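Under numbering that gives the first Met the number 0, the residue at position 244 of the sequence shown is numbered 243, and the numbers go up by one with no gaps.
In this text, a Cβ means the ideal position worked out from N, Cα and C, and glycines have one as well.
Being a predicted model, the structure only gives us computed values, none of them experimental.
As structure tokens, the structure follows; a few thoughts come after it.
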Amino acid sequence: MPNSWSFSRSGLFPRAVVGMLIIAVLLVGAFSASVARADGGQPTFGLQPVLYEPSKPATKSYFIFDTHPGTILHNSIRVTNRGTAAGTVSLYGVDSATGQTSGTVYLSHDVVQHDVGTWITLGMQHVTLAPGQSQVVPIQVTVPATMWPGQHVGGIVAESMASEKPSNKGTLHIHIRNLTILAVQVNLPGPQVEELTATGIQAGGANNYQTLVVGLRNSGTTMLKPSGSLQITDSHQHLLQNQAIKLDTFLPHTEISYPVAVKDHALGAGNYRATLSMTYGQGHVLNYATTFTITEQQVAQVFKAPPPLQAPAGMQNFFDTLPLWSIFAGGGLLLLMVGGMIFWGRKRYALARTAQEDKTPVLTGHYTSVRRYTPSRLETIHKAHANASIPKYPPKKGYH
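Rendered as structure tokens:
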């Protein structure tokens, strides 16, 4: 058989060698990674409120303040290093927003804060802790005297100053920031308005994934978790899409462009009608209908074939990232595995031949051809050889 070894007719042995090669590489990589982790740990910081309300179990995990404008609130947070190395953490307050697919997200410290992020004052901006050590830090929340009623959400961020540094190898550098965020919710009295509005629907998507982008705004003063459906029909009233929608937390005074994935069959160029139905809050319903158009250019933009990517200059392969000793260790392990496979393969082949020979019947001696003639045939032979002085064979008994 082509590409197979003489003592492995099924081709199993070459595939086994390839499998052993993969296992050897994975073992070397895992061993190298474990050694790298053992060389030095990382600090990991956690935040927890010190004081909480027993009647509100959620306040064990984050702050919920029911207060009034112009109030100054005091509490504390416990900062704990749950990692395996000492480290310094930076503490600061930030505002929050609603993520594109809903849910609470927190703004970067680099942008200008306008809400709860500006109300928070921390007793310490930097804390250095050993592994397992904790520190209580006092906080102050100053609510402005003039502020709209409803729910306001921000957060306290603990950012490790020992963020993972990018490797000097290769051209791709990724800087990882280690953040822990403790939410701060401030509820102010006044009219609690629940209001969800739709701002439009249009086609979107990229990389062969078509979406319908639904513009939504929480115009009220409380957090919402809307759910409902989006239906798409063509100019002949044929139902083409019927997608369920379920959003997570939608913060007040925020808006998003929510993507709904087109399923089963893509929408081609043409005119369509969208019907959005959402329920939210205390029995409120949003019914919204609009038309939109998908152009040939939009379809081509979504489903265009991506150009082939080339490796950047200086790109290293997997083996270039391994230490030299690990390559030698992996090579030795691989040779040991291959040698063992060859030894056992040959042994199995020899045993198979021995078993085959034991089953072959052994023939000894020789065969003797014996002919039997009838009396009339013997008489004919006697007459044919009478002149050659061939002795006549007497007829055998039993043929008369």
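So for Thr221, helix, strand or coil by DSSP?
Reading the sequence shown from its first residue, position 222 is the one you call residue 221. If DSSP states are grouped into helix, strand and coil, Thr221 belongs with coil.
Looking at C-beta atoms only, is the number of pairs between the stretch 135 to 148 and the stretch 63 to 82 that lie closer than 8 Å three or more?
A contact exists between the stretch 135 to 148 and the stretch 63 to 82.
For the alpha helix (DSSP H) that Thr43 lies in, which residues bound it at each end?
Residue 43 sits at position 44 when you count from the first residue of the sequence shown. Segment: none, Thr43 is in no alpha helix (DSSP H) and carries neither H nor E.
Give me the Cα-Cα distance between Gly102 and Thr290, rounded to the nearest whole angstrom.
As a position in the sequence shown, residue 102 is number 103, starting the count at 1. As a position in the sequence shown, residue 290 is number 291, starting the count at 1. Roughly 28 Å between the two C-alpha positions.
What's the gap between the Cα of Val88 and the Cα of His73?
On the sequence shown, position 89 is the one that residue 88 refers to. On the sequence shown, position 74 is the one that residue 73 refers to. Between Val88 and His73, the C-alpha separation is close to 21 Å.
Would the stretch 201 to 218 and the stretch 176 to 189 be scored as touching if the rule is three or more Cβ pairs under 8 Å?
Cβ pair count under 8 Å is below three, so no.
With distance defined between alpha-carbon atoms, name the residue in Gly86, Val156, Gln41, His113 nearest to Gln47.
Sequence index remark: in the sequence shown, residue 47 carries index 48 (1-based). Of Gly86, Val156, Gln41, His113, the residue nearest in Cα terms is Val156.
Taking the beta strand (DSSP E) that Glu254 belongs to, which residues open and close that run?
If you number the sequence shown from 1, residue 254 lands on position 255. It spans 253 to 260 - the beta strand (DSSP E) in which Glu254 sits, taken as one unbroken run.
Would you say Leu239 reaches chain D, if we count a Cβ-Cβ gap shorter than 8 Å as a contact?
Absence of chain D from the displayed structure is noted, only one protein chain being present.
Take Val115 as the anchor and find which of Gly282, Ala328, Gly92 has the nearest alpha-carbon.
Reading the sequence shown from its first residue, position 116 is the one you call residue 115. With distances taken between Cα atoms, Val115 lies closest to Gly92.
Below 7 Å CB to CB, which residues in the same chain sit around Leu223 once its five sequence neighbours on both sides are set aside?
As a working mapping, residue 223 is identified with position 224 in the sequence shown. Closer than 7 Å at the Cβ level, and outside the excluded window around Leu223, lie Glu193, Leu195, Asn217, Phe249, Tyr279, Gly280.
Any chance the stretch 54 to 64 sits against the stretch 119 to 131, with 3 or more Cβ pairs inside 8 Å?
Because the criterion of three Cβ pairs below 8 Å is not met, the stretch 54 to 64 and the stretch 119 to 131 do not touch.
Suppose the cutoff is 8 Å on Cβ atoms and the five residues either side in sequence are ignored; what does the same chain contact list for Val49 look like?
Here residue 49 refers to the residue found at position 50 when the sequence shown is read from its first residue. Asn74, Ser75, Ile76, Arg77, Val135, listed in sequence order.
Could you check what DSSP says for Pro56 in three-state terms: helix, strand or coil?
Taking the first residue of the sequence shown as position 1, residue 56 is located at position 57. Three-state DSSP puts Pro56 in a helix.
Do Gly219 and Leu187 count as a contact pair if the criterion is CB distance below 8 Å?
Along the sequence shown, read from residue 1 onward, the residue named residue 187 stands at position 188. Along the sequence shown, read from residue 1 onward, the residue named residue 219 stands at position 220. Their beta carbons are not under 8 Å apart, which means Leu187 does not touch Gly219 by this criterion.
Out of Gly82, His113, Val152, point me to the one whose CA is closest to Ser133's CA.
To locate residue 133, count along the sequence shown from 1; it is residue 134. If we check each option's Cα against that of Ser133, Gly82 comes out closest.
Just tell me which of Thr274, Pro251, Ala85, Thr100 has its CA closest to the CA of Gln407.
An answer regarding residue 407 cannot be provided, because it is not within the stretch 0 to 399 covered by the chain.
Using 10 angstroms around the beta-carbon of Asn80, count the other beta-carbons present and answer buried if the total reaches 16, otherwise exposed.
In the sequence shown, counting from the first residue as 1, residue 80 sits at position 81. When all chains shown are included, Asn80 counts as buried.
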